[in-house]
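Reviewing the structure listed below.
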């Protein structure tokens, strides 16, 4: 934790202060920025760092920020914070290079663990994730219905909508989701999204 800095980008001061306090107490070195633009101005000189950014900000969204960093060849492992219903945007952020996304409200420990996962990319190649051949075997174990549910889940659709579209009950969708998580060996939704992107399944 002491060999990299966590940069927090959020346009709401109470949120910045709250996150900064939480992470400082957890032992991280923290810097705060009130906009994506202000962070971008100094991005080239931040050194060893991780990024926490809200998805929805007035001057520039979290997705736009990550895309601009990508364009300039600045590689900073990022965690995006998103509200419920923003999963499609979060998927776009992961395509733009985010390591993880966290849905509000979240537990303190969830954020700390996400930062640690992001920071691990400072030490090792992102390719350390499960290889596509292994993912392909897991994907092949899914039934046709489970594949349909997987595509809808990664698209950010809620269980009710998925159930309506597929002509099944929300409860049945939940069962399929649980089976998908088990067969794909995904610990959470961001990990499932990462796997889907790696397999070219997300639109």
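Numbering (this note's numbering), first residue to last: 14 to 216. Cβ atoms here follow ideal geometry from the backbone N, Cα and C, with glycine treated the same way. Note that this is a predicted model, so its numbers are computed, not measured.
Only counting the same chain, and skipping five residues up and downstream in sequence, which positions put a Cβ closer than 8 Å to that of residue i?
i           : result
residue 165 : 174, 175, 178 and 179
residue 50  : 72 and 73
residue 134 : 90 and 112
residue 27  : none
residue 16  : 61
residue 185 : 176
Got a sec, what are the start and stop residues for the beta strand (DSSP E) residue i sits in?
i           : result
residue 116 : 111–116
residue 91  : 91–95
residue 62  : 62–67
Output the boundary residues of the alpha helix (DSSP H) element that contains residue i.
i           : result
residue 85  : Taken as a continuous stretch (DSSP letters only), residue 85 belongs to no alpha helix (DSSP H), as it is neither H nor E.
residue 49  : 49–55
residue 103 : 100–108
residue 58  : Counting along the chain, residue 58 falls outside any alpha helix (DSSP H), and DSSP gives it neither H nor E.
residue 27  : 26–38
Taking the alpha carbon of residue i as the point to measure from, which residue in the options has its own alpha carbon closest?
i           : options              : result
residue 102 : 68, 41 and 27        : 68
residue 163 : 124, 44 and 212      : 212
residue 48  : 161, 78 and 82       : 78
residue 23  : 65, 34, 158 and 59   : 65
residue 230 : 86, 96 and 117       : In the structure as shown, the chain starts at 14 and stops at 216, and residue 230 therefore has no counterpart that could be examined.
residue 193 : 170, 157 and 104     : 157
residue 125 : 25, 32 and 106       : 32
residue 59  : 70, 20, 81 and 105   : 20
residue 76  : 160, 57, 100 and 40  : 100
residue 25  : 70, 57, 201 and 96   : 70
residue 132 : 88, 160, 145 and 149 : 88
residue 34  : 121, 199, 55 and 160 : 121
Excluding sequence positions up to five away, which residues of its chain have a Cβ less than 6 Å from the Cβ of residue i?
i           : result
residue 18  : 42, 44 and 62
residue 183 : 172, 173 and 176
Going along the chain, which residues of its own chain have a beta-carbon closer than 7 Å to the beta-carbon of residue i, five neighbours each way excluded?
i           : result
residue 140 : Note that residue 140 has pLDDT 44, beneath the 50 cutoff, so the model's placement of it is unreliable and the number below is only indicative. Once the five neighbours on either side are set aside, residue 140 has no close Cβ partner at all.
residue 196 : 151, 154 and 155
residue 107 : 114, 206, 207 and 210
To the nearest whole angstrom, what separates the beta carbons of residue i and residue j, a pair I think is in contact under 8 Å?
i          : j           : result
residue 94 : residue 115 : 5 Å
residue 92 : residue 206 : The Cβ separation is near 13 Å, so there is no contact.
residue 83 : residue 53  : With 8 Å as the limit, residue 83 and residue 53 do not qualify as a contact, their Cβ atoms being about 12 Å apart.
Which parts of the segment 127–210 are runs of the alpha helix (DSSP H), unbroken and 4 residues or longer, counting only runs that do not cross its ends?
145–153, 157–167, 172–179 and 183–197
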